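Novice: In our numbering, the protein residues as written are 894 to 1134. I have a structure here, written as structure tokens, and I will follow up with some questions on it.
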Amino acid sequence: MLAASAGLVAAIAALLGILIFAIAFFVVSLRSYQRQQEALAASQARAAGLPPPASRAAAVSRRDFFRRSLISSLLVFGAQFGGASIAFLWPSLKGGFGALIDAGDLGEIKSAVSSGEPFYVGTGRFYIVPYNGTPKGGVDYASEGVSGEGIMPLYQRCVHLGCRVPFCGQSKWFECPCHGSKYNQAGEYQLGPAPRGMDRFHMEVVGGRVMVDTSEVVLGPARGTDTIDQPPQGAFCVAPG
Ligand code: FES
């Protein structure tokens, strides 16, 4: 849904920019046409031995001058704003974070995560972890649309203060280096100051490709949620916070 919203905003920004440029082009063209007409009228008057008609430029009042200056300023501002908006939203248009991301072939991803390490997708800022947990306490990731086909994408951002959370190959948990928050392999809260489990994204498999919608962050499960009962598999990489 939000992928569509981001795309819509980007499209509106692009249309706005185009419209502003079109208006600016029209104004400049009109002014150029008026000058040509004035030059033509002056040359015709000279050929007929008549005094040249008064130039419009000469008749521009102070009020007209300020009005045109204001319009020009608004056009320039609008063009800059439109350009900046397009530049800002461009990653979403071309499939970066904030868009619907093709994470890869389902079979290849499942093969990669079968080793116990998450599959990392840097452009989308998320991990894909294996997931075959049991719904508990009203938490059912599959029905939420954040897991399926035995995998689940997790947003890399720590829900405490936003650090990137790496995966610890020893404990097989996600361990935040900033303040020591820890999450199990399903991104569920285990230890530290984090207020909930890691956030996640909606996903679906289309034509064998894993499509992850990074336009909407789905808040992680509440503390106490544990659908995989996974104790640490080894020593922690980060001392508990
Ligand atoms: S930012 Fe991760 S524990 Fe504080």
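Built from N, CA and C at the ideal position, the CB exists for glycine as well. No experiment lies behind these values; they were computed from the predicted model shown.
Can you determine whether any heavy atom of ligand 1 sits closer than 7 Å to the C-beta of A1087, and answer yes or no?
Specialist: yes
Novice: Closest to L1084 by CA distance: which of K1065, P1133, R939 is it?
Specialist: P1133
Novice: When the Cβ atoms of the region 1055-1069 are set against those of the region 1036-1045, are three or more pairs found closer than 8 Å?
Specialist: no
Novice: Buried or exposed for F958, please, with buried defined as at least 16 other CB atoms from any protein chain shown within 10 angstroms of its CB.
Specialist: By the neighbour-count rule (16 or more Cβ atoms within 10 Å), F958 is not buried but exposed.
Novice: Let me check you understand the geometry: is the CB of S1064 closer than 7 Å to at least one non-hydrogen atom of ligand 1?
Specialist: no
Novice: Measuring CB atoms only, is the region 1111-1122 touching the region 999-1006, in the sense that at least three cross pairs come out at less than 8 Å?
Specialist: Result no; under three Cβ-Cβ pairs closer than 8 Å.
Novice: Can you give me the Cβ contacts of V1098 inside the same chain, cut-off strictly under 8 Å, excluding the 5 residues immediately before and after it?
Specialist: Non-local beta-carbon contacts of V1098 in its own chain, meaning distances under 8 Å to residues more than five positions away in sequence, involve L999, G1041, E1042, M1104 in chain order.
Novice: Would the beta-carbon of C1130 be found less than 7 Å away from any heavy atom of ligand 1?
Specialist: no
Novice: Take G997 and list the residues in its own chain whose beta-carbon comes closer than 8 Å to its own, dropping the five residues that flank it on each side.
Specialist: Within the same chain, G997 has close Cβ partners F1012, V1014, R1102, V1103.
Novice: For Q1049 and E1068, I'd like the C-alpha separation in whole angstroms.
Specialist: 11 Å
Novice: Among I913, M1045, L1112, which one has its Cα closest to the Cα of I964?
Specialist: I913
Novice: Taking the runs of the alpha helix (DSSP H) that are 4 residues or longer, which of them lie wholly in the region 1037-1107?
Specialist: Taken in chain order, the whole alpha helix (DSSP H) runs of length 4 or more contained in the region 1037-1107 number zero.
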